[in-house]
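Going by my numbering, the sequence shown wraps up at 292, each residue one higher than the last.
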Amino acid sequence: MTDRYGRDILARNPHTPTRTRSTEQPVEVGMVVEDAQSGYVGAVVRIESGRIDLEDRRGRTRAFPLGPGFLLDGRPVILTAPRRAAVATRTASGSVAVQQARARTALASRIYVEGRHDAELVEQVWGDDLRIEGVVVEHLGGVDDLAAIVEEFRPGPGRRLGVLVDHLVTGSKETRIADAVRRGPHGAHTLVVGHPYIDIWQAVKPARLGVQAWPDVPRGIDWKHGVCDAMGWPHATQADIAAAWRRIRGRVRDWNDLEPALIGRVEELIDFVTAPV
């Protein structure tokens, strides 16, 4: 007959509960958790008024109340309100934070970027620095008319223009346009730089989205639509594309989540437009 207590009856109490106790875990945006009751898994994309919004891998969102009933890395947790943030000593760009500083009056110099997504990402990471320096970032909606835009801006001493261009690689249309601006009458006071990516989306490190590399989209397919399709995200409408960008940008915490090829170019533009006259 098997001895239910084993060799040492004091070694283990068979009536001791085996269930793992939940531990308290302050919630953070980007944290991936599972609702234990429904099995719904998603990343925290919003925290508000005692609830969180979880977004699954297909971009669908569901709201849950903070509290017990969640799994984090397979262990039960009680999600609590976020910890109060300590006073930041660094900005999202890695610069030393200047506490309680007022934004400067805008300089006459400007930085132009191609599109709205570019402007949003630059603001998210470099916004604190730009406000301290008084630099305004505007988006162009494309660079096809860049020469005419530069002519209208009329850069000069104390009124410099920096331009960030997507897909600035040898032989591209963007490179030819940039070269024409550099040779133009305002080239001495205009700096056109760029990154090699087809779109600013690619400047976000793919690991932040849980993949090793950005999808390879065949020629003839709109790049953003192709990326969304490969990721399993909705992409039938412009609203779907906007939601995909919010998803990507929501994974960016600071400059460490961006590719060096973008970081260097933005820093170069800021230095150029803020240089002493």
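In this text, a Cβ means the ideal position worked out from N, Cα and C, and glycines have one as well.
Source: prediction; values computed, not measured.
Asked: Nonlocal neighbours in the same chain, by C-beta distance under 7 Å from Gly84, ignoring five residues either side; Found: Asp50, Ala51 and Gln52
Asked: Classification of Ala290 by the beta-carbon crowding that lies within 10 angstroms, buried from 16 upward; Found: exposed
Asked: Nearest-angstrom Cα separation, counted from Thr38 out to Val128; Found: 46 Å
Asked: Start-to-end residues for the alpha helix (DSSP H) that takes in Asp143; Found: Arg131 to Glu148
Asked: Opening and closing residue of the alpha helix (DSSP H) in which Ala163 lies; Found: Leu161 to Phe168
Asked: Simplified DSSP assignment, three categories, for Gln227; Found: coil
Asked: CA nearest to the CA of Arg73, picked from Ala276, Lys220, Tyr55 and Gly130; Found: Tyr55
Asked: Under 8 Å between C-beta atoms of Arg125 and Val165; Found: no
Asked: CB of Gly225 within 8 Å of CB of Leu179, strictly; Found: no
Asked: Beta-carbon proximity list for Pro221, same chain, < 8 Å, skipping 5 on both sides; Found: Gln227, Ala228 and Trp229
Asked: Reduced DSSP category for Glu43 - H, G, I as helix; E, B as strand; rest coil; Found: coil
Asked: Same chain only: Cβ atoms within 6 Å of His201, ignoring 5 sequence neighbours per side; Found: Val165 and Pro170
Asked: Arg90 - partner residues in DSSP beta bridges; Found: Leu87
Asked: Closest Cα partner of Arg262 within the set Gly247, Arg174 and Gly177; Found: Gly247
Asked: Neighbour-count burial assignment, Lys239, 16 or more Cβ in a 10 Å radius; Found: buried
Asked: Straight-line gap, Glu153 to Val137 (C-alpha atoms, nearest Å); Found: 10 Å
Asked: Where Ile62 sits in the DSSP three-state scheme; Found: strand
Asked: For Pro91, the nearest candidate out of Ala123, Glu148, Val48 and Thr120 (CA to CA); Found: Val48
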